Amino acid sequence: MSGPRNIDSRREEFRKYLESSGVTDSLIRMMTSMYESDERPADALQFLRDQFIQSAPYIHELTAVQQYLDAARERIRTLESENAELREELDRYKPRKYSQ
-14 MSGPRNIDSR REEFRKYLES SGVTDSLIRM MTSMYESDER PADALQFLRD QFIQSAPYIH
46 ELTAVQQYLD AARERIRTLE SENAELREEL DRYKPRKYSQ
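All the letters of the sequence shown, read from the start, carry residue numbers -14 to 85 under the numbering used here.
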């Protein structure tokens, strides 16, 4: 029978997922903040959205990391190209071994 028992196990699995990813803690902190506030927000859902945005990594930090990563990848491409050219040049000047 895959009725209530299956639903309960799926719920429990989902609950554990939310806990392990930090969603439950974040929601509790946000709800507590709203509860302890002297004035209730006019739009509770918008309040929670704003709280999520504030708790997320700042976009400028992500942008800076992405720019650094792009620059590092470009530097790697340049160095790999330079390395290949130098290896070719080195191969031209290496003494060749002749078999007798």
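Glycine included, every Cβ here is placed at the ideal spot set by N, Cα and C. Please read these numbers as outputs of a predicted model, since none were measured by experiment.
- For secondary structure counted as the alpha helix (DSSP H) over 4 or more consecutive residues, the region -6 to 44 holds these complete runs in sequence order: 8 to 21 and 29 to 40.
- The alpha-carbon of L30 is positioned some 53 angstroms away from that of S66.
- Each residue's CA atom was taken as its position, placing R60 and E(-3) some 48 angstroms apart.
- DSSP places P(-11) in the helix class (H, G or I) of the three-state scheme.
- Distance between I(-8) and F(-1), taken at the CA atoms: about 10 angstroms.
- With respect to the 7 angstroms criterion, M15 and L33 are classified as neighbours on the basis of their beta carbons.
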